[in-house]
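Worksheet: one structure, shown below.
2 protein chains.
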Amino acid sequence: MSSPSTEKVLRPDTGRRDPRADALRVLAIDAVQHANSGHPGAPMGMAEMAVALWQGHLRHNPANPHWADRDRFVLSNGHASMLLYALLHLSGYALPLEELKRFRQLHSLTPGHPEVGITPGVETTTGPLGQGLANAVGMALAERLLADEFNRPGHAVVDHATYVFLGDGCLMEGLSHEACSLAGAWGLGKLVALYDDNGISIDGPVTPWFADDTAARFRAYGWQVVGPVDGHDVDAVSAAIAEARADTQRPSLVICRTTIGRGSPNRAGTAKVHGEPLGEAEIAATRAALGWPSAEPFEVPEEIRARWDARRIGAARETQWARGFAAYRAEHPALAAEFERRLAGHLPYDFEETLLRTLAEFGQSQQAVATRKASQRVLGMIAPKLPELLGGSADLTGSNLTDFPGCGAVRAGRPGGRHVNYGVREFGMAAIMNGLALHGGFIPYGGTFLTFSDYSRNAVRMAALMKQRVVHVFTHDSIGLGEDGPTHQSVEHAASLRLIPGLDVWRPADEAETAVAWTQALAAAGRPSALLLSRQVLPAQSRTPEQVIAIRRGGYVLSDRPGAVAVILATGSEVAIAMAAQALLDQRGRPVRVVSLPCTTLFDRQDRAWRDAVLGSGLPRVGIEAGVTRWWGQYGCAAALGVDGFGESAPAAAVYEHFGLTAARLAEQVEAVCAEAGAAAAARA
Amino acid sequence: MSSPSTEKVLRPDTGRRDPRADALRVLAIDAVQHANSGHPGAPMGMAEMAVALWQGHLRHNPANPHWADRDRFVLSNGHASMLLYALLHLSGYALPLEELKRFRQLHSLTPGHPEVGITPGVETTTGPLGQGLANAVGMALAERLLADEFNRPGHAVVDHATYVFLGDGCLMEGLSHEACSLAGAWGLGKLVALYDDNGISIDGPVTPWFADDTAARFRAYGWQVVGPVDGHDVDAVSAAIAEARADTQRPSLVICRTTIGRGSPNRAGTAKVHGEPLGEAEIAATRAALGWPSAEPFEVPEEIRARWDARRIGAARETQWARGFAAYRAEHPALAAEFERRLAGHLPYDFEETLLRTLAEFGQSQQAVATRKASQRVLGMIAPKLPELLGGSADLTGSNLTDFPGCGAVRAGRPGGRHVNYGVREFGMAAIMNGLALHGGFIPYGGTFLTFSDYSRNAVRMAALMKQRVVHVFTHDSIGLGEDGPTHQSVEHAASLRLIPGLDVWRPADEAETAVAWTQALAAAGRPSALLLSRQVLPAQSRTPEQVIAIRRGGYVLSDRPGAVAVILATGSEVAIAMAAQALLDQRGRPVRVVSLPCTTLFDRQDRAWRDAVLGSGLPRVGIEAGVTRWWGQYGCAAALGVDGFGESAPAAAVYEHFGLTAARLAEQVEAVCAEAGAAAAARA
């Protein structure tokens, strides 16, 4: 077999021991052993780095993990979760020892990977490699933009650093390239990344598959690179962090040479120590090698605990900041109130009015527009009233239409700007947006073509898992994009995004539905949304005021007929086809109902009565969406029109025709389904 | 608005004109204008680069696009498709002018982005940025491995270069980092990438969002960097390519400074020229500026055509190679035959026997194993008989169990090895596998955790679009992975992979189904497969020989009961739960049928009779899969057990219990559904 490798990578180090670091080691190996699951190697290897940062630099207050101006700390190599839990526990966060003993158990505060919202002091959910680093870039960008917006002479109310620990895995992931290239271009001087350079990944010593000169790579991004330093020398790491902080114009990478599993006599430096409990014998040997004073699992001597306890200094720091903020409030009361609102994630007090105006403006729109254009028009109305809205695009601004009048571009060294050019970096954009949302102060949205949601998919998932309000503007949402062909034509993407738990997926049919999609996405504080928008122009549908209001239910009867014999379910650009089919069927004396389903995920959360009333009962149903048809089974459709293979390169109208997505075909399909239903009923009778 | 930018980036150039380059320009702008859609800027900017490569270096034979030892050419910035079509047309491939006039029309040979299998001479489908580059890395790796395996002293039957054109977009994508870092680590000396450094992307001049020192970045990967050279100077580019080729130990990046849209007096150097037709007036102005001799669209003077025609030299080159191959065959007849078989993509003549032995060995297996372990055991049997099988893992070899006895590792500077350590690079792995498959000579497979299929998703899609036999081994396929928690637990992934057209998704229940999954995946020449495998041990099911044979239908009756009152549909690890529920229901006098659906995509392609016979008619159905339940609607399930939110960090058994995925709950659900069906029947009667 080519693995597992038993080769060792041991870094020379000063040999000095710091009992604070060993406390982290002991808690980590004991918890992993107790759980009989987890990753001891990384916590052991990064223990001194953690001491250097958390005891020497990190400004935080264990009593208030939500202090607005705290430094942010991200553990991008999230499998080292026990390092973070040990740090939080020893520093004095509300994470008692009992929870460390429940590491990786159901509903503990110490899940296998750090999860924001579960554990006090955890800033983001990490584990999928590279994403924590990209989140950190988003947090550092948020800090810079908020500082630009809210600080005033003599009042640096926003002034904190973002620190991130990362390993070889994060650096191998392509996402690290996207995020760090942007951090360099943006000159995020308060971002400090500490690289746990242990030369080992799961498959063994990394050089055969990871031979990058990482320092040179990061210099190429415009970063300051500090080190390599001995990652087991607390003073050396601390000095390197100070050097990193001293450069305020460039993000910094501190390269810390470490030995994975340091302290374990037999496993240090091996791939084996990465993801397996040490076992009782090796734990005893490790305790002995460390000269650890207690044989009892989880026991940390009081004097070491006392050195770790950060509650007093943390409280003092926040108090000092709060005094400064009080002075700021005295001078700039409106700004202070706005800052607090923004950080709390509350919408403006008059936002309800903005929403109502938006509906008033667009709810009865008779404008035939592409929904991407409708989205831009809606943004033009809402964005001026919602300063936290921070847009962007992965180099498709003019296609996604994510900009709005007066938005201005976010640029290095220039304050202001509410639209981010993320470059051709879909995954980076999505993960950075998660960081912006997690930091607080912003509702980020960003655009790309729907097909390239594939590139960013796991970050979209992470937004849902973390319950973050992030809006994905996915335009060119089907074969309707035409000539660019199957590589760019989404067929499975709408259906597959709808499968991500907690994500709302909107596919509006016209300007009115687009307006509602935006308002609902912005109002959904605990969930991300994806807006799937057409490249092509779509006709406006007519609605009563009640129907306009019903859009927010995710599904509603758009057009009914007395004595309807069937129901057509449609989304987005196919709603117009459904309406045309209804007209054809009217002529043939076959009245049908048309249901528009702009947001099935939201519709599915409506009460049963609403859903039944909309879908009707006893009537055969036919679905239409320019995508995979098997998706319609869940709505009891007897048939569906869609696209079950890949698309074709041709003008949009020709592609629609080719795939039979036409009113005539739909009408035929409805008639066939009615005939079948009639025959079945006759057979039963 | 922050866009579109009208700023220009114009590169100083020698000003010398090459009529061959202008022929490419004219064909590109005429075709885009004719289609009223497409991307003129990149073809115009890369025209001299194309002349330098195609007229000075590329070894190819227009009459035989499948010549085994041709140089490979990849247009990673696939939106420049008209450049490639013009090159193929003028070089003498079977791509007549009429097809250029049908650019981007339905069923033409000239779709919006290059598509392999449609246009002779197109090596891979490109458009989704970064992937062509990664495909090229895979092709260059294939070349190296085949050369190691088949060349003999005096017989370099495999000796060709891989060339790739790429732009800023490809370099911004994270995938470029993954693929190029690996190319450097592997020392792929015959890979030459030409970077169209035009300083413009869709949002405008790139420096605010793409400030990398790309040369330094690539040196950090261990690449040779040549240039920057004047990309509009054919001789300079040609000399740079020669320099690139001279370094046989390192891949090379040739940086070509170009002006996008060069030749267009008013649009050169702008973002606007990237993706819009020039318009008649600007086309006329461009013709004038170029001094182009003809005003007629698509007209290329004979003398320029003659200079482009590569048919004679191409045929001569292949003939020369064929003579060498004949000599090789004379000396090494078995090797020559094997080489031809491998390149043709035919399985070994005795492979049927291997498959039968595999079934004989595992079809009646009563071994309780994790299906990832079963997969490794199957590999251990098949791989020695299938030398084209080339494995790998994204740094999870010991978890994915993708290695097999004696596989050996692929390493730089060392021949042999059939397992690739891709590092933590899921997307890179998938896209490189596509390149390996496209090159020919290999059936690549690679492993990661199922959740991280998100990272590689678009490359999985591209394999399906390109009809390539690539096998994705996705292990740890559900909440059954336990403690690692929701970031690592797939819930929507099985369902969402099944939506990708043309991909077969296997989720085997035990060792027998795993063996069939592998044999079917390997036999499926025109389609990729994904094997979703459990981390946890699964019991073996008993089957008659007929049932073993039926596995390859993708769905079959695993256990029936006379007078069954309901059908349970299950996949993978939940089949055992279904069987246990059946036993419970037996005790309660409620006989039920259990259907195993190891590959629903394949099952869906079976004839109606088979599907109806398996699913039964008139009986209520209940589905169970440790994932999203809405997916079951398409099989007419009245209810389903699964996981509709995110997972939980806890031991696997606890997580299953927490989500109610137990035999007891399933039995209850079946009884409830039967009661409902009974009540409905009574109401009807």
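In order, the protein sequences belong to chains Y and U. Heads up, the first sequence is in UniProt numbering, so the first residue is 1 and it goes up one at a time. Heads up, the second sequence is in UniProt numbering, so the first residue is 1 and it goes up one at a time. All C-beta atoms, glycine included, are put in the ideal place defined by N, C-alpha and C.
| Query | Result |
| --- | --- |
| First and last residue of the uninterrupted alpha helix (DSSP H) at tyrosine 221 of chain U | Note, tyrosine 221 of chain U: premise wrong, no alpha helix (DSSP H); not H, not E. |
| Distance between beta carbons of alanine 336 of chain Y and arginine 342 of chain Y, contact taken as under 8 Å | That belief does not hold up - the Cβ atoms of arginine 342 of chain Y and alanine 336 of chain Y are roughly 11 Å apart, past 8 Å. |
| For leucine 538 of chain Y: DSSP bridge partner residues | Y/Val369 |
| Under 9 Å from the C-beta of valine 192 of chain U: neighbouring residues of chain Y | Simply none; closest approach about 20 Å. |
| Uninterrupted beta strand (DSSP E) stretches inside the region 348-433 of chain U (no shorter than 3 residues) | 389-393 and 419-421 |
| Glycine 38 of chain U at chain Y interface by Cβ criterion, 8 Å | yes |
| Beta-carbon proximity of arginine 561 of chain Y to valine 595 of chain Y, cut-off 8 Å | no |
| Short CB-CB distance (under 8 Å) between glutamate 7 of chain Y and chain U | no |
| Opening and closing residue of the beta strand (DSSP E) in which tyrosine 455 of chain Y lies | No beta strand (DSSP E) holds tyrosine 455 of chain Y; the alpha helix (DSSP H) holding it covers 453-465. |
| Cutoff 8 Å: tryptophan 223 of chain Y Cβ touching any chain U Cβ | no |
| Near-chain U residues of the region 371-403 of chain Y - C-beta to any C-beta below 8 Å | Ser393, Asp395, Leu396, Thr397, Gly398, Ser399 and Asp403 |
| Residue-level contact to chain U via CB, glycine 154 of chain Y, 8 Å cutoff | no |
| Residues near alanine 412 of chain Y in its chain [Cβ-Cβ closer than 7 Å; skip 5 each side] | Ala185, Trp186 and Gly187 |
| For serine 3 of chain Y, three-class secondary structure by DSSP | Confidence at serine 3 of chain Y is low in this model, with a pLDDT of 46, below 50, so the placement of that residue is unreliable and no value is reported for it. |
| Option in U/Pro111, U/Val537, U/Arg621 and U/Gly633 with minimal Cα separation from alanine 370 of chain U | U/Val537 |
| Segment contact, 8 Å Cβ cut-off, at least three pairs: the region 200-208 of chain Y with the region 5-17 of chain Y | yes |
| With 16 other Cβ atoms within 10 Å as the buried cut-off, status of histidine 472 of chain U | buried |
| Cβ distance (whole Å) where isoleucine 382 of chain Y is taken to contact threonine 354 of chain Y below 8 Å | 6 Å |
| Residue-level contact to chain U via CB, threonine 487 of chain Y, 8 Å cutoff | yes |
| Sub-8 Å separation of leucine 141 of chain Y and proline 114 of chain Y beta-carbons | no |
| Residues, ordered as in the chain, of the region 636-667 of chain U that lie near chain Y by beta-carbon distance below 8 Å | Gly636, Asp644, Gly645, Phe646, Glu648, Ser649, Ala650, Pro651, Ala654, Val655 and His658 |
| Test: threonine 125 of chain Y CB closer than 8 Å to a CB of chain U | yes |
| Reduced DSSP secondary structure (H/G/I, E/B, other) of phenylalanine 165 of chain Y | strand |
| Rounded separation between valine 614 of chain Y and alanine 550 of chain U - CA only | 42 Å |
| Segment limits, alpha helix (DSSP H) that includes glutamate 88 of chain U | It is worth fixing the name first, because residue 88 of chain U is leucine in this sequence and not glutamate. 81-91 is the extent of the alpha helix (DSSP H) around leucine 88 of chain U. |
| Buried or exposed by the 16-neighbour rule on C-beta atoms within 10 Å, applied to arginine 16 of chain Y | exposed |
| Closer than 7 Å at the beta carbon, the chain U residues around isoleucine 500 of chain Y | Glu492 |
| Cβ-Cβ distance between threonine 126 of chain Y and glycine 117 of chain Y below 8 Å | no |
| contact_flag[the region 381-397 of chain U, the region 493-503 of chain U] where n(CB pairs < 8 Å) is 3 or more | no |
| Segment limits, beta strand (DSSP E) that includes cysteine 256 of chain U | 252-257 |
| Nearest-angstrom beta carbon gap, valine 254 of chain Y and glycine 222 of chain Y [assumed within contact, 8 Å] | About 16 Å separates the two Cβ atoms, so there is no contact after all. |
| Short CB-CB distance (under 8 Å) between tryptophan 518 of chain Y and chain U | no |
| Chain Y within 8 Å of isoleucine 577 of chain U, Cβ atoms only | no |
| The alpha helix (DSSP H) enclosing proline 444 of chain U, as first and last residue numbers | It is not in any alpha helix (DSSP H) - proline 444 of chain U instead sits in the beta strand (DSSP E) that spans 443-449. |
| Cβ shell of alanine 515 of chain U (< 6 Å), same chain only, five flanking positions each side left out | Thr358, Phe362 and Val378 |
| From Y/Leu481, Y/Gly78 and Y/Thr162, residue whose alpha carbon lies closest to that of alanine 626 of chain Y | Y/Leu481 |
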